[in-house]
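Count the sequence shown with this note's numbering and you get residues 6 to 194, in order.
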Amino acid sequence: VAPNHFSFLDHFFVAVYLRRKVQFMAKSQLFTMPMQVVYHNGGVFPVRRGQRDEEAFKSAHAVLARGGIVVMYCEGGRSRTGELGEAKPGIGRLALESGAPVVPVGLAGSERVRDWKRLQFPKVTLQFGDPVRFEKVDEPDRSQSQAASEEIFSRIELLWNGLRQNGRSATVQAARAARRGGQATATGR
């Protein structure tokens with residue numbers, strides 16, 4: 006699962022919307038006591054950003070091999086501007102090495118969560134895109150990984166722009182209509 010990333014609470018929003026156990030990569034600097042215990046018990050594993058962290062990728066591959074879900078931010082970190090950042094090669098590398106499908110997620114509204122101290126609780130909306138699957142590559146190089154990441158990120162960007170332009174209610178209505186249409190098709194009505 007590959008969402009954009011604005012807030013320290015994004016992983017909670019994603020987990021709540023999925024309603025399944027998910028595991029996250031998080032920057033290694035967060036793993037200090039007492040939060041280290043919380044992160045380890047909460048399914049979070051560290052990644053040393055800016056490096057080729059083989060241990061983090063081994064952990065991600067192990068989760069996927071067990072049929073688990075890994076949430077990895079395509080931007081490699083939070084955007085603090087309220088605008089999308091740039092794709093980093095990590096998610097592309099994992100997608101190519103594992104052959105696992107990647108579900109792009111547009112997440113809007115979480116950039117305003119920083120104002121929670123002022124008792125402002127914004128509405129946060131997630132929109133899940135269709136899964137993207139890449140042909141498996143045993144040892145992808147950086148350019149292959151970056152190209153896969155950019156493909157995933159372009160889909161995240163479409164979802165996020167749709168949420169911003171159409172608004173939360175229009176997106177929710179469209180999703181409900183699509184779900185009803187899908188159920189009608191599945192039941193033959």
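Positions of the beta carbon are idealized from the N, C-alpha and C atoms, including for glycine.
>> Please identify the residue among Met-40, Ser-115, Leu-101 whose C-alpha is closest to the C-alpha of Val-19.
In response: Among Met-40, Ser-115, Leu-101, the Cα nearest to that of Val-19 belongs to Ser-115.
>> Less than 8 angstroms between the beta carbons of Pro-127 and Arg-117, yes or no?
In response: When the beta-carbon positions are compared, Pro-127 and Arg-117 come within less than 8 angstroms of each other.
>> Taking the alpha carbon of Ser-12 as the reference point, which residue from His-66, Thr-86, Arg-173, Thr-176 has its own alpha carbon closest?
In response: For Ser-12, the nearest C-alpha among the options comes from Thr-86.
> In chain order, what residues of the same chain have a beta carbon less than 6 angstroms from the beta carbon of Ser-64, not counting five sequence neighbours either side?
Replying inline: So the list reads Phe-50, once near-sequence residues are dropped.
> Are Asn-9 and Leu-89 touching if we call contact CB-CB under 8 angstroms?
Replying inline: Yes, the Cβ-Cβ distance between Asn-9 and Leu-89 is below 8 angstroms.
>> In the DSSP output, what is Gln-28 paired with across the bridge?
In response: Residue pairing by DSSP puts Gln-28 in a beta bridge opposite Val-75.
> Around the Cβ of His-16, are there at least 16 other Cβ atoms within 10 angstroms (buried) or fewer (exposed)?
Replying inline: The residue in question, His-16, is buried, as its Cβ has 16 or more Cβ neighbours within 10 Å.
> For the stretch 84-129, which segments carrying the alpha helix (DSSP H) assignment without a break, of at least 4 residues, lie completely within its bounds, in sequence order?
Replying inline: Complete alpha helix (DSSP H) runs here, min 4: 95-103.
>> Just to confirm my understanding: we take Pro-136, look at its own chain, exclude 5 residues before and 5 after, and list those with CB closer than 6 angstroms. What are they?
In response: Leaving aside the five residues that flank Pro-136 on each side, the residues in its chain whose CB is nearer than 6 angstroms to its CB run, in chain order, Pro-106, Val-108.
> Helix or strand or just coil, what does DSSP make of Pro-39?
Replying inline: Reduced to three states, the DSSP call for Pro-39 is coil.
> Is Leu-14 helix, strand or coil when you go by DSSP?
Replying inline: Leu-14: coil per DSSP, three-state reduction.
> What separation, rounded to the nearest whole angstrom, lies between the Cα atoms of Ala-70 and Gly-81?
Replying inline: In a straight line, the C-alpha of Ala-70 is about 22 angstroms away from that of Gly-81.
> Taking the C-alpha atoms as reference points, what is the distance between Ser-154 and Arg-98?
Replying inline: Distance between the alpha carbons of Ser-154 and Arg-98: 8 angstroms.
> When the Cα of Gly-72 is compared with those of Phe-133, Ala-183, Met-40, Ser-103, which residue comes out closest?
Replying inline: Relative to Gly-72, the option among Phe-133, Ala-183, Met-40, Ser-103 whose CA is nearest is Ser-103.
> Using the C-alpha atoms, what's the distance from Thr-37 back to Arg-184?
Replying inline: When rounded, the distance between both Cα atoms is 43 angstroms.
> Between the stretch 141-152 and the stretch 37-47, are three or more C-beta pairs nearer than 8 angstroms?
Replying inline: Inter-segment contact for the stretch 141-152 and the stretch 37-47 is absent: fewer than three beta-carbon pairs are separated by less than 8 angstroms.
>> If you measure between the beta carbons of Arg-160 and Gly-134, is that distance less than 8 angstroms?
In response: When the beta-carbon positions are compared, Arg-160 and Gly-134 come within less than 8 angstroms of each other.
>> Could you compute how far the alpha carbon of Lys-32 sits from the alpha carbon of Gln-41?
In response: The C-alpha of Lys-32 lies about 12 angstroms from the C-alpha of Gln-41.
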